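A.B. asks: Can you read through this structure? Questions will come right after.
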Amino acid sequence: MEIRDLSYYFDLSNFKHKTLFENSEYVFDFIKRLEQYIKDNLKPEILGEVMDGAFIGSNVYLGKGSVVQPGAWVAGPAIIGEDCQIRHGAYVGANTLTGDHVVIGHASEVGSSVFLNESRAPHFAFVGNSILGNKVNLGAGTKLSNLKVTMDEIEVAGVKTGLEKIGAIIGDGSSLGCNTVTQPATFIGKNVYGYPGAVLRGFIESNKIVKLRQTQEEVLFDPNH
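When you read off a place in the sequence shown, starting at 1, and then add 2, the result is the number in the working numbering.
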């Protein structure tokens with residue numbers, strides 16, 4: 003299980019906030035640093051478009067060319083890059099950091115998470131305490147679970163993380179099918195493709211297809227009984 007090498011998951015060379023990851027011991031260390039990083043680097047300014055009917059907090063940076071559509075709520079603190087779309091009904095919670103050309107779509111909820119360039123959570127997604135690599139796409143209804151039902155500290159490969167919440171680490175170019183659920187602390191390498199309706203956990207190596215096998219049975223039905 004790869005928990006130390008960031009390059010296994012991400013190419014950060016074109017990410018404007020790569021300093022967030024400097025001197026990381028583990029790939030999930032950004033979760034501990036994210037709140038302070040945003041406090042230190044956020045200069046609230048609206049350079050994009052906030053459409054009528056959208057709600058945006060006072061502690062938000064919105065980059066050039068980015069659009070917040072009606073019904074969306076960007077609570078902040080948040081740094082939103084350039085040419086991003088925050089679509090109708092989306093909720094962008096505290097400590098959200100995005101690169102450029104990111105989509106946070108209808109009825110998606112995100113918070114305490116990082117979106118690298120061109121990543122997408124376009125429909126009915128939950129993204130918490132997670133990172134989406136470059137060009138990651140989440141199919142409609144994808145949920146990145148971040149909290150154990152016991153609410154205990156999360157351990158990863160025997161390492162005590164000091165965190166109760168870790169969502170998913172999803173490498174560049176990966177795509178998850180509709181209604182995927184990842185269990186807390188799921189690590190997904192680059193260029194992984196997941197079938198719809200799958201429940202993913204643990205570590206998935208790069209360049210894999212995760213297939214879901216299910217059995218469909220048809221039985222006779224008598225509408226008169």
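Using N, Cα and C, we set each Cβ at its ideal position, and we do this for glycine too. All values reported here derive from a predicted model rather than from experimental measurement.
(1) Identify, in the order they occur along the chain, each residue of the same chain with its Cβ nearer than 7 angstroms to the Cβ of Tyr197, setting aside the five sequence neighbours on each side.
(2) Please name the residue in Val151, Gly141, Gln38, Glu207 whose C-alpha comes closest to that of Ala200.
(3) Who does Leu146 pair with in a DSSP beta bridge?
(4) Going along the chain, which residues of its own chain have a beta-carbon closer than 6 angstroms to the beta-carbon of Ala77, five neighbours each way excluded?
(5) Can you have a look at His19 and say buried or exposed, based on whether 16 or more other CB atoms are within 10 angstroms of its CB?
(6) Taking the CB atoms as reference points, tell me whether Ser132 and Leu149 lie closer together than 8 angstroms.
(7) Could you work out which residue in Ile171, Asn181, Val183 is closest to Ile190 when comparing CA atoms only?
(8) Compare the Cα-Cα distances from Ser176 to each of Ser208, Thr184, Glu155, Ala159 and report the closest residue.
(9) Report the partner residues of Phe189 according to the DSSP bridge assignment.
(10) Tell me whether the stretch 103-110 and the stretch 86-94 touch, counting them as touching only if at least three CB pairs, one residue from each stretch, are closer than 8 angstroms.
(11) If I measure Cβ to Cβ from Thr144 and keep anything under 6 angstroms in the same chain, skipping five residues before and after, which residues do I get?
(12) List the whole-angstrom C-beta distance separating Ala56 from Gln38, where the pair is believed to meet the contact cut-off of C-beta under 8 angstroms.
(13) Under 8 angstroms, do Val116 and Leu99 count as touching if we go by C-beta distance?
(14) According to DSSP, Val29 sits in a beta bridge with which residue or residues?
(15) Would you mind reading off the limits of the beta strand (DSSP E) that contains Ala56?
(16) Per the DSSP calculation, Gly113 is bridged to which residue(s)?
(17) Given this structure, state the Cα-to-Cα distance separating Val151 from Pro186, to the nearest angstrom.
(18) My output table needs one value for Asn43: the three-state DSSP class, helix, strand or coil.
(19) I'd like the list of long-range same chain contacts for Lys41, defined as Cβ closer than 6 angstroms, with 5 residues on each side in sequence excluded.
C.D. replies: Here's the rundown:
(1) Gly179, Val212, Lys213, Leu214.
(2) Closest option to Ala200, Cα to Cα, is Gly141.
(3) Looking at the DSSP assignment, Leu146 forms a beta bridge with Val129, Thr184.
(4) Residues of the same chain with a CB within less than 6 angstroms of the CB of Ala77, apart from the 5 flanking positions on each side, are Gly59, Gly95 in chain order.
(5) That one is buried.
(6) The answer is no: Cβ separation not under 8 angstroms.
(7) Checked all of Ile171, Asn181, Val183; the closest Cα to Ile190 is Ile171.
(8) The shortest Cα separation from Ser176 among Ser208, Thr184, Glu155, Ala159 belongs to Ser208.
(9) Beta-bridge analysis with DSSP links Phe189 to Ile171, Phe205.
(10) Segments in contact, yes.
(11) Taking Thr144 as the centre and dropping the five residues before and after it, the same chain places the C-beta of Ala127, Leu178, Thr182 closer than 6 angstroms to its C-beta, in chain order.
(12) No, Ala56 and Gln38 are not in contact; Cβ-Cβ is about 28 angstroms, not under 8 angstroms.
(13) Less than 8 angstroms divides the Cβ of Val116 from the Cβ of Leu99.
(14) The partner list for Val29 (beta bridge, DSSP) is empty, contrary to what the question assumes.
(15) No beta strand (DSSP E) holds Ala56; DSSP gives it neither H nor E.
(16) In the DSSP output, where bridge partners are listed per residue, Gly113 has Gly130.
(17) So the two alpha carbons sit approximately 10 angstroms from each other.
(18) In the structure shown, Asn43 adopts helical secondary structure according to DSSP, grouped into three states.
(19) Excluding five sequence positions before and after Lys41, none of the CB atoms of its chain fall closer than 6 angstroms to its own CB.
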